[in-house]
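> There's a structure below that I have some questions on.
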């Protein structure tokens, strides 16, 4: 059952409708369905799309991301969607409710593509994922990509590899037709899930400095170089504690933290956002998929000499029932033994291991730490040697 | 179904029977059902109970623990058990198989008592836990003790508080009768689960120094002060990285690690066992119960000035189905903000949080770290603010 999308929409719709009233009681003027067209810094005001202006003392840019599209003819046809905002989700849901959608094509196999393939397939709709590479989710090791591919197959989600999209047209048997280098395929719904970019349009027009990432540059207090102007969330950069570089990894939990830091500081506090380690996870059907830190390429780009190992172990003790198979990959620096990153895939326990390793990364721990670290052991929750220990000791011996 | 006990016994029986042969192939002489009565250090040999002697160059003491008993008349009657060794488990299982056991009494509400109450109750046997205190599992906050008590109640396990045992006798309606300060209660099986103590008998006779814990003193290489004599596992001490004291916390994963360290060093390697943080967990019916680090009392004893908070949050996002209620308690040092310990209880996600916090404790992180740490977020696995963040920020604000 597609409880996930459905419930989120229901809850957020209620929440959004209540938002302005709720805040009004506390003296805060929250305006929804309102677009800021321009910031007039000299006058200290923003100009709205209805022509009115609002004064400000402090300005916080939280403009998020824009969904990317392939940029092909017909991508704006009715029935072709991107999924970024709540209204995108509501539009997709309305289409699924109002039309008989017999078949869906998802373009892109990142985590949004994966989550949506589950949600749509679970409605009983024939679902295909079209991807420009041969395996889903580029961030993860190809061995894990194959496990995810098998999981899609197990749930009868088709996967078309090495795709270049060319155009979308009206279809014959189904409502739409997608033209690619691999031929022509029809569907009633096409979802373009090929990524996002920071929405820094207002910032650019204000001449605020953007990073190489295209996102707004901030300091650890979430301030831009312009006095009284803050930026938070997906439109801004974060400090990556492992690569020691400023990055843009648009994720809801990071945005929440940055928002709190900015708010606290604007309110007279003095706290910092201490950065990220790149922890991330998603669920696709029965599989937990999680990663943290850097992969080998990212590690090499950051000046490390990465070594890695990938092991298969049990997420819980071998004597317990259930599918316990857990794949864990560790990446470390050959010179220092410092842990640089981790990836995990399995029906249980993958996210748990990645969070433990995220804490280890946060603290700058080494393979020697990870190999002997004290973790809570009981057969229903792990083996006496956790996959973390096994992978860390395996990699340590290779060095 | 009591898959847990049953499968472990089946598997270990097979394993044990195969052990000597298996090792013989590798040139290692493993003797089972063999008791070392005395160590003759001058002669460099051990004397076995069958009167023969075996020479050694290096001696490793891995003598484990002895189960405690209340020391009351009748505690050695047939049908009264302790649970420490595999043969204890096999004897209990045989009794359950061979007799109609209609009712069982478990004396003690530590984690062995809790695990066994689940295992026995799941066989359909009327089960009561008799405990000397008012709440189970002393290590955990009383608020969590109450949750565990409710879980026992939900599964119709009786709980008798403030018990002092006096004697065991033959029963009338059932096979045995337990006499306590609370009256007389009958049952077909009585399990004494009142704890264990290090079995340091051989070490004591060798005049090896024991710690205040009663366990064998070792260094970080698992060596005793006597050349060529090592000690590992439940009979030895471990360095607690948070209290900075040598402790005896008998757990299988710690024993495994210490054994590996000793073996490596005896084989010519040079590695250390870097200590523990006191991570521990168990399952009782549908509840995960986990803890790490110190509680307030332990923290105060170690010279810290503990402060704590206990919050109730969601183990996964509010929009997801299932019982998500998760209790998390954090203990920190008022002077430094350093994290000192954590406890968690819930139907899901408790062990996962405790392992993440164990890594944080291992690394010596503070509440500021724990409050902003980057964890993998997706609704099926957590909220955008994890209970760890919420508890750490709550406690931080109190300081």
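Chains as they are written, first to last, in this note's numbering: chain U, 43 to 441; chain R, 43 to 441. Cβ coordinates follow ideal geometry from the N, Cα and C atoms, glycine included.
Determine contact between the region 372-389 of chain R and the region 333-351 of chain R, defined as no fewer than three beta-carbon pairs at a distance below 8 Å.
These segments touch.
> How about residue 102 of chain R and residue 303 of chain R: do their beta carbons lie closer than 9 Å?
The answer is no: Cβ separation not under 9 Å.
> Buried or exposed for residue 278 of chain U, going by 16 or more other Cβ atoms inside 10 Å?
With 16 or more Cβ atoms within 10 Å of its Cβ, residue 278 of chain U is classed as buried.
> Counting only Cβ pairs nearer than 8 Å, list the residues of chain U close to residue 375 of chain R.
Those within 8 Å of residue 375 of chain R in chain U number zero; the least Cβ separation is about 17 Å.
> Could you check whether the Cβ of residue 316 of chain U sits closer than 9 Å to any Cβ belonging to chain R?
It does; some Cβ of chain R falls within 9 Å.
> Here's a check: name, in chain order, each residue in its chain whose Cβ is nearer than 6 Å to the Cβ of residue 301 of chain U, leaving out the five neighbours to either side.
Only 274 meet the Cβ criterion.
> So the alpha helix (DSSP H) residue 153 of chain U belongs to, where does it begin and stop?
Counting along the chain, the alpha helix (DSSP H) containing residue 153 of chain U begins and ends at 153-163.
> From residue 92 of chain U to residue 72 of chain U, what distance separates their C-alpha atoms?
Straight-line Cα distance between these residues: approximately 16 Å.
> Taking all protein chains shown into account, decide if residue 112 of chain R is buried (16 or more other Cβ within 10 angstroms of its Cβ) or exposed.
It counts as buried.
> In chain order, what are the residue ranges of uninterrupted beta strand (DSSP E) at least 3 long that sit wholly in the region 222-287 of chain U?
Those beta strand (DSSP E) runs which fall completely within the region 222-287 of chain U and span 3+ residues are 225-229, 231-234, 238-240, 271-273, 280-282.
> For residue 47 of chain R, count neighbouring Cβ atoms within 10 angstroms of its own Cβ and tell me buried if that reaches 16, exposed if not.
Low local confidence applies: a pLDDT of 41 at residue 47 of chain R is under 50, so the model's placement there is unreliable, and no value is given.
> Between the Cα of residue 146 of chain U and those of U:349, U:152, U:138, spot the shortest distance and give me the residue it belongs to.
Checked all of U:349, U:152, U:138; the closest Cα to residue 146 of chain U is U:138.
> Output yes if chain U places a C-beta closer than 9 Å to the C-beta of residue 172 of chain R; else output no.
For residue 172 of chain R, the answer is no, since every Cβ of chain U falls outside 9 Å of its Cβ.
> Please classify residue 65 of chain U as buried or exposed, where buried requires at least 16 neighbouring CB atoms within 10 angstroms.
Residue 65 of chain U comes out exposed.
> From the DSSP output, read off the bridge partner residues of residue 355 of chain U.
Beta-bridge pairing links residue 355 of chain U to U:368.
> Going along chain R in order, which residues have a C-beta closer than 7 Å to the C-beta of residue 298 of chain U?
Simply 426, 427.
> Given this structure, state the Cα-to-Cα distance separating residue 129 of chain R from residue 135 of chain R, to the nearest angstrom.
Cα to Cα, residue 129 of chain R sits roughly 10 Å from residue 135 of chain R.
> Who are the Cβ neighbours of residue 434 of chain U in its own chain at under 7 Å, not counting the five residues just before and after it?
Within the same chain, residue 434 of chain U has close Cβ partners 372, 409, 412, 413.
> Can you list, in chain order, the residues of its chain whose CB lies under 6 Å from that of residue 43 of chain R, leaving out five sequence neighbours each side?
Residue confidence for residue 43 of chain R is low, a pLDDT of 29 falling below 50, so the modelled location carries little weight and cannot support an answer.
> Residue 70 of chain U by DSSP, collapsed to three states: which one?
Reduced to three states, the DSSP call for residue 70 of chain U is coil.
> Could you spell out the range, first to last residue, of the beta strand (DSSP E) harbouring residue 79 of chain R?
Counting along the chain, the beta strand (DSSP E) containing residue 79 of chain R begins and ends at 78-82.
> Please report the straight-line C-alpha distance between residue 320 of chain R and residue 99 of chain U, rounded to a whole angstrom.
If you take the alpha carbons of residue 320 of chain R and residue 99 of chain U, they lie about 51 Å apart.
> Whose CA, out of U:283, U:354, U:290, U:337, lies closest to the CA of residue 256 of chain U?
Nearest option by C-alpha distance: U:290.
> Within the 9 Å Cβ cut-off, does residue 334 of chain U reach chain R?
Taking Cβ atoms only, chain R reaches closer than 9 Å to residue 334 of chain U, which makes this a yes.
> Note down, in chain order, every chain R residue with its Cβ under 9 Å from the Cβ of residue 407 of chain U.
Near residue 407 of chain U (Cβ distances below 9 Å), the residues of chain R are 401, 404, 405.
> What in chain U is Cβ-close to residue 322 of chain R, meaning under 7 Å?
Those within 7 Å of residue 322 of chain R in chain U are 418.
> Would you mind telling me which residues of chain U sit closer than 7 Å to residue 422 of chain R, beta carbon to beta carbon, in chain order?
Here the neighbours are 325.
> If you measure from the beta carbon of residue 159 of chain U to each beta carbon in chain R, is any gap under 9 Å?
Residue 159 of chain U does not count as touching chain R.
> Does at least one heavy atom of the ligand FMN sit under 8 Å from the Cβ of residue 363 of chain R?
The model depicted lacks the ligand FMN and carries no ligand whatsoever.
> Leaving out five residues before and five after residue 276 of chain R in sequence, what residues of the same chain have Cβ atoms less than 7 Å from its Cβ?
So the qualifying residues of the chain are 106, 107, 240, 292, 297.
> Ordered along the chain, which non-local residues of its own chain (more than five positions away) have a Cβ less than 6 Å from that of residue 115 of chain U?
So the list reads 209, once near-sequence residues are dropped.
> Can you check whether the C-beta of residue 134 of chain U is within less than 9 Å of a C-beta belonging to chain B?
Of the protein chains in this structure, namely U and R, none is chain B.
> So, under 8 Å CB-CB, residue 264 of chain U and residue 346 of chain U are touching, yes? Tell me the CB distance rounded to an integer number of Å.
Residue 264 of chain U to residue 346 of chain U, Cβ: 28 Å. No contact.
> Select from R:63, R:67, R:439 the residue whose C-alpha is nearest the C-alpha of residue 313 of chain U.
With distances taken between Cα atoms, residue 313 of chain U lies closest to R:439.
> Whose C-beta lies closer than 7 Å to the C-beta of residue 361 of chain U among residues of the same chain, with five residues either side of it excluded?
Only 421 meet the Cβ criterion.
> Going by beta carbon distance, what residues of the same chain come within less than 7 Å of residue 63 of chain R, once the five residues before and after it are set aside?
Correct list: empty, nothing qualifies.
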